[in-house]
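Structure first, commentary second.
Here is the structure:
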């Protein structure tokens, strides 16, 4: 994440507003305080507080009032912290406790004190819905990779943020700006934390909102793309590919840009089945921050679609064994019948790799994939026993003839009868070419 200074959460202006909002009134029963005292205002508090007595908290004990005002009016942050901590120790149940803790949280943050987290927890103990404390905790927990805590506090902040009322002393414009800023930060924190926890649905939701707020935040854009692409559940490849292309355009580091570009290209190839359109997508996302209405990317043909295209493109008797296997495994019944009726009980000549061999039956890998996996996809049976000296060793390349008799689509297996050896098997070696159909000798 681009470093967002947390001081924006409780900065100097906000701290001043918090102090204004926290200015208490001295109860009517209390005696007037000497104006010479540096610990209190020269005039009665009622005359100085901008809030009405109905809104401002009222302290009836003059000693408590003096202790609070004396602490909160310190100009030096360290002295103010010391004074407020002493006040809370002396008056643990004071009506000013929530305000004092909130000011302390801001002061600890202003002075980069490690006590800011503990103080934020103290604030929440008094008011579990305190927006500022939730934001401080969520942001700091995200920075320290406490993903579950960060997600919980960020989502809670997003729940209570709409109900947050404007503090006294803050303008409408500044308050609206701060709420927008808090919302953006919390959506980003919640989404990124959910992504680390593999909660892809939550990550997609929060990060999409964050990206819509700031489409140029490259970290959020890339994180959203990652959340939308497999292995996420649910996956949304179309939008994921849009945002990964957008991230490529936003990244300025040449090495990082190239790495993300390669990643995006591989995802695009896997989904689309080719790289046509990838360059156009990169060009589109330079100036288009969000997917336009109706945006789509055509997915790669499904295996049945590929099998059908293969079946109508080539005469079955001219296909190789790998093509037969693909159509018979993935094609519609009509496409399977087209191929099977053309080759069933016909003498065909093939090449494959021996997996296991006896005098009456050979187990053979015929397609390129199965050869590399050393997986049987042909069972070849012989009417007459094969002489011992002609039985090939495991891994040997073999030219043979047989008549397709039956097959099972999944897992694919073809049984061939009336097997014949066309020549002596070659020495065992890794076979790198697919079984090629050869015309049967006349």
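Residue numbers (our numbering): 26 to 467. Quick reminder that beta carbons are idealized off the backbone N, C-alpha and C, glycines included.
| request: Indicate, with yes or no, if the ligand PLP has a heavy atom lying under 7 Å from the CB of residue 228. | output: This structure lacks the ligand PLP; in fact it carries no ligand of any kind.
| field | Buried/exposed call for residue 17, threshold 16 Cβ in 10 Å | value | This structure gives no information on residue 17, because the portion of the chain shown stretches from 26 to 467.
| Looking at residue 307 and residue 274, is the spacing between their C-beta atoms short of 8 Å? | yes
| Closest to residue 239 by CA distance: which of 225, 206, 52 is it? | 206
| query | Which two residues bound the contiguous beta strand (DSSP E) that contains residue 335? | reply | That residue, residue 335, is in no beta strand (DSSP E); its alpha helix (DSSP H) goes 328 to 338.
| query | Could you check where the alpha helix (DSSP H) with residue 427 kicks off and where it finishes? | reply | Element bounds for residue 427: not the alpha helix (DSSP H) but the beta strand (DSSP E), 422 to 433.
| So, residue 109 versus residue 125, is the Cβ gap smaller than 8 Å? | yes
| To the nearest angstrom, how far is it from the Cα of residue 512 to the Cα of residue 188? | Given a span of 26 to 467 for the chain in the structure shown, any question on residue 512 remains unanswerable.
| request: Let me know if residue 15 comes out buried or exposed under the rule of 16 or more other beta-carbons within 10 Å of its beta-carbon. | output: No answer is possible for residue 15: it lies beyond the span of the chain, which begins at 26 and ends at 467.
| field | Where residue 416 sits in the DSSP three-state scheme | value | coil
| When the Cα of residue 241 is compared with those of 266, 253, 223, 276, which residue comes out closest? | 276
| message | At the level of alpha carbons, what is the spacing between residue 446 and residue 366? | response | 24 Å
| request: Between the Cα of residue 549 and those of 237, 295, 236, spot the shortest distance and give me the residue it belongs to. | output: In this structure the chain extends from 26 to 467, so residue 549 is not present and cannot be described.
| query | Leaving out the 5 sequence neighbours to the left and right, which residues in its chain are closer than 6 Å to residue 442 when beta-carbon positions are compared? | reply | 406, 428, 430
| task | Please report the Cβ distance between residue 83 and residue 52, rounded to the nearest whole angstrom; I am assuming they are in contact, meaning their Cβ atoms lie under 8 Å. | result | 5 Å
| request: Within its chain, find whatever has a CB closer than 6 Å to the CB of residue 457; leave out the 5 residues flanking it on each side and keep chain order. | output: Confidence is the limiting factor: at residue 457 the pLDDT is only 47, short of 50, which leaves the residue's position unreliable, though a coordinate-based value still follows. Hits under 6 Å: none found.
| Bridge partners of residue 376, per DSSP? | 424
| Tell me, which residues are paired with residue 268 by DSSP? | BP columns for residue 268 are empty, so no partner.
| field | Whole-number beta carbon distance between residue 175 and residue 214, since they are thought to touch under 8 Å | value | 6 Å
| query | Would a check of beta-carbon distances place residue 244 closer than 8 Å to chain B? | reply | Of the chains in the structure shown, none is chain B; there is only one protein chain.
| query | Do you know offhand how far residue 224's Cα is from residue 310's? | reply | 27 Å
| request: State yes or no: is the C-beta of residue 373 within less than 8 Å of the C-beta of residue 417? | output: no
| message | According to DSSP, simplified to helix, strand and coil, what is residue 448? | response | coil
| query | Counting along the chain, where does the beta strand (DSSP E) carrying residue 386 start and finish? | reply | 386 to 390
| Are the beta-carbon atoms of residue 173 and residue 161 separated by less than 8 Å? | no
| Start and end residues, beta strand (DSSP E) containing residue 404 | 403 to 406
| field | For residue 92, three-class secondary structure by DSSP | value | helix
| field | Simplified DSSP state of residue 83, which is helix, strand or coil | value | strand
| Would you call the CB atoms of residue 246 and residue 268 closer than 8 Å? | yes
| request: Write down every uninterrupted run of the alpha helix (DSSP H) in the segment 166 to 206 whose length is 4 residues or greater and which is fully enclosed by it, in chain order. | output: 172 to 185
| C-alpha distance - residue 349 paired with residue 426, whole-angstrom precision | 16 Å
| Does the Cβ of residue 299 have 16 or more other Cβ atoms within 10 Å, making it buried, or fewer, making it exposed? | exposed
| Would you call residue 305 buried or exposed, if buried means 16 or more other Cβ atoms sit within 10 Å of its Cβ? | exposed
| message | Check this for me: beta carbons of residue 355 and residue 332, under 8 Å apart or not? | response | yes
| request: With residue 346 as the anchor, note down where its alpha helix (DSSP H) starts and where it stops. | output: 346 to 355
| said: Between the alpha carbons of residue 102 and residue 228, how many angstroms are there, rounded? | reply: 39 Å
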